[in-house]
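Enquirer: Input: one structure, supplied below.
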Amino acid sequence: MNYDFYKTFVVLAETKNFSKTAEKLNIVQSTVSNRIQELEKYLDIDLFYRTNKSVSLTQSGLYFLPYAKRIVTIEEEGLSALNNLNYKNTLKIGTVHSLYSGYVKKVAKKFMKLRPDISLEITINHTPNLLEMLSDNLIDIGFVFTLPKLNKFICLNKLKDEIILVAKNSTDFKDELLVKELKNIPLLYADTGDNFIEYVENELHCKLDFQFSIDQVLEIVEYLHDGLGYSFVLKSLVCNSIENGYLKEVKIKNTPSCFMDGYVMIEQSNTKKEVINSFFKLLSE
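Under my numbering, the residue at position 276 of the sequence shown is numbered 299, and the numbers go up by one with no gaps.
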């Protein structure tokens, strides 16, 4: 069973729609159907429940999905390695969206200038997926929001980031609010993942309702610049916008500061210690 069948399964599991999967993979819908049928025949299980408009994973499909993702990732990593033979080594960074914007991007630019002999690859994903990739040696460094308990992981650094409420730097938006007033303002939500909003709600002891949500955390800044509402974000994501006067922090009265911890993780058996240390030194500057 080749890569295309597993890739088709993974994409269909994400889109839950045959036509969208075909469009995403640039193939015809019948090819999607045939590949899934062949994969189910090969595995001797049903991977999807099918309806006229959509599909959903069976229990077997849910169980098999992470393994299929690994198969796809490993093949893509292998092809990437072959394409990078002109470089001395390859450093693979995995990071959650917000830590990429706040920390990784700046360090990556410095690293590229300092180490032109090293190929740098960055993957943006959620913490559980990144820890899985780290465990499988598919990435060398993971910037995550959960400190794993397994001894196979080593924490190189802890990143403390403040969670703040922000809005456009305009008199149209208040400079401070009471917790109860959060229900009466247009709140925007960027999917930071890793139970970010649940964490904020627990800290504030209130349930938040959102006028708008988007699953790409980096995109929320543009909506804030355009004055479309308020949003809870990590301070590192918007510090430049605040310094340049585009956004402002909106204080919440009678509440303590709220922080979220990030962790820089490696797998202890990783053999790229010299390259990893080069990147880590730049992070510490």
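Ideal placement from N, C-alpha and C gives every residue a C-beta, glycine not left out.
In whole angstroms, what separates the C-alpha of V261 from that of I299?
Expert: Rounded to the nearest angstrom, the two C-alpha atoms are 27 angstroms apart.
Enquirer: Does at least one heavy atom of the ligand ATP sit under 6 angstroms from the Cβ of N225?
Expert: The model on display carries no ligand, and the ligand ATP is accordingly not part of it.
Enquirer: Could you tell me the alpha carbon to alpha carbon distance between N327 and S292, rounded to whole angstroms?
Expert: Because the chain in this structure spans residues 24 to 308, residue 327 falls outside the shown range and cannot be described.
Enquirer: With distance defined between alpha-carbon atoms, name the residue in T81, Y110, G268, Y212 nearest to E63.
Expert: Of the candidates T81, Y110, G268, Y212, the one whose C-alpha sits nearest the C-alpha of E63 is T81.
Enquirer: Cβ atoms of S79 and N40: under 7 angstroms apart, would you say?
Expert: No, the pair does not count as a contact, with Cβ atoms beyond the cut-off.
Enquirer: Starting from V256, trace the beta strand (DSSP E) both ways and give me its first and last residue.
Expert: Element bounds for V256: 253-257.
Enquirer: On the three-state DSSP scale, how would you describe S236?
Expert: Strand.
Enquirer: Taking the continuous beta strand (DSSP E) assigned at I116, which residues delimit it?
Expert: Looking at the DSSP string, the run of the beta strand (DSSP E) that includes I116 is 112-118.
Enquirer: Contact between the region 267-275 and the region 139-157 is defined here as three or more beta-carbon pairs at a separation below 8 angstroms; is this criterion met?
Expert: Because the criterion of three Cβ pairs below 8 angstroms is not met, the region 267-275 and the region 139-157 do not touch.
Enquirer: Would DSSP call C262 helix, strand or coil?
Expert: Residue state, collapsed to three classes: helix.
Enquirer: Should the region 169-184 be called in touch with the region 232-246, which here means at least 3 C-beta pairs below 8 angstroms?
Expert: At 8 angstroms Cβ cutoff, the stretches do not touch.
Enquirer: Of all the options D214, S301, S254, which has the alpha carbon lying nearest to the alpha carbon of K206?
Expert: Ranking D214, S301, S254 by Cα distance to K206 puts S254 first.
Enquirer: Sort out for me which residues DSSP pairs D284 with in a bridge.
Expert: For D284, which the question treats as bridged, DSSP gives the partners K183.
Enquirer: Can you tell me whether I50 is helix, strand or coil according to DSSP?
Expert: The answer is coil: DSSP assigns I50 none of H, G, I, E or B.
Enquirer: Rounded to a whole number of angstroms, what is the C-alpha to C-alpha distance between G101 and I162?
Expert: Distance between the alpha carbons of G101 and I162 is about 12 angstroms.
Enquirer: For the beta strand (DSSP E) holding F32, just list the boundary residues, first then last.
Expert: Careful: F32 lies outside any beta strand (DSSP E), inside the alpha helix (DSSP H) at 26-38.
Enquirer: Put S56 into one of helix, strand or coil per three-state DSSP.
Expert: Of the three classes helix, strand and coil, the one that applies to S56 here is helix, per DSSP.
Enquirer: With V349 and T150 assumed to form a contact (beta carbons below 8 angstroms), what rounded beta-carbon distance in angstroms separates them?
Expert: The structure shown does not extend to residue 349, since the chain spans only 24 to 308, so no value can be given for it.
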